[in-house]
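Worksheet: one structure, shown below.
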Amino acid sequence: MTKALFIIDVQNDFTEGGALGVDGGAAVAAGVTEYLAAHRNEYELVVASRDWHDGDSDNGGHFARDAAPDFVDTWPVHCVAGTLGAEYHPALDVAGVDVHIRKGQGEPAYSIFEGTDEAGRGIAEILAERGITGVDVVGIATDYCVRQSALDALEHGQQVRVLTGLVAGVAPESSAAALAELGHAGAEIVAADA
95 MTKALFIIDV
105 QNDFTEGGAL
115 GVDGGAAVAA
125 GVTEYLAAHR
135 NEYELVVASR
145 DWHDGDSDNG
155 GHFARDAAPD
165 FVDTWPVHCV
175 AGTLGAEYHP
185 ALDVAGVDVH
195 IRKGQGEPAY
205 SIFEGTDEAG
215 RGIAEILAER
225 GITGVDVVGI
235 ATDYCVRQSA
245 LDALEHGQQV
255 RVLTGLVAGV
265 APESSAAALA
275 ELGHAGAEIV
285 AADA
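For what it's worth, my numbering labels the leading residue of the sequence shown as 95, then goes sequentially.
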């Protein structure tokens with residue numbers, strides 16, 4: 095199997111102290127760095143995604159501008175392109191990352207499959223070019239962008255593993271439900287960490 099590692103949204107705004115910080119986010123950043131140092135040779139491709147939202151719009155209703163966020167479809171302003179909040183967490187070493195995907199950019203986007211690289215290519219095209227047949231998924235947040243990225247990878251015919259020691263979610267209940275859903279959909283849920 096030719097494998098890729100997806101590092102989902104390990105950004106300042108999704109870690110402790112950020113606009114939508116989750117508990118354990120900084121530990122995920124450090125853990126992914128340690129994991130990559132030990133396992134980089136197992137992956138043909140390493141891809142990192144980031145939310146990369148427009149600062150001057152509601153991003154297709156994604157940002158709650160005129161009302162309180164419902165934390166389902168609308169969210170506080172986060173990961174605005176070019177801000178510190180949109181940058182990778184400093185504990186995440188991106189030296190081993192081959193492709194950077196930006197998602198959002200004016201519209202709601204949860205999955206890495208909804209973003210593009212700097213040349214405008216989508217991840218499905220990149221995976222096909224590289225002959226990737228399996229994807230390991232790590233990052234933030236288990237119950238939102240990790241979940242949707244893993245589901246979309248399954249839909250694109252990939253063998254998917256979620257490394258549970260290297261993800262962090264918004265809430266324990268919704269994270270457990272997301273992992274159960276992914277397992278039921280065909281992903282392998284692996285208790286792996288750094």
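Glycine included, each C-beta is placed from N, C-alpha and C at the ideal position.
Are residue i and residue j close, meaning C-beta to C-beta below 9 Å?
| i | j | result |
| --- | --- | --- |
| A142 | V229 | no |
| E128 | T96 | no |
| V193 | A235 | no |
| R196 | W146 | yes |
| V254 | L276 | yes |
| A121 | A262 | yes |
| F108 | G125 | no |
| T177 | G149 | yes |
| A123 | H183 | yes |
| D237 | A271 | yes |
Let me check one thing: in DSSP terms, what residues is residue i bridge-paired to?
| i | result |
| --- | --- |
| T210 | R196 |
| I220 | In the DSSP output, where bridge partners are listed per residue, I220 has none listed. |
| E282 | R255 |
| G233 | I102 and V261 |
My assumption, with CB atoms under 8 Å, is that residue i sits in contact with residue j. Please give the rounded CB distance.
| i | j | result |
| --- | --- | --- |
| I206 | S243 | 4 Å |
| G190 | V140 | 6 Å |
| V240 | I283 | Actually they do not touch by this definition, with Cβ atoms about 12 Å apart. |
If you compare alpha carbons, which of the options is closest to residue i?
| i | options | result |
| --- | --- | --- |
| E181 | F100, A285 and A113 | A113 |
| N153 | L257, G280 and A203 | A203 |
| G200 | C173, V188 and I226 | C173 |
Determine, using beta-carbon pairs with one atom in the region 217 to 237 and one in the region 149 to 162, whether at least three such pairs fall under 8 Å.
-> As far as the Cβ criterion goes, the region 217 to 237 does not touch the region 149 to 162, which means the pair count is below three.
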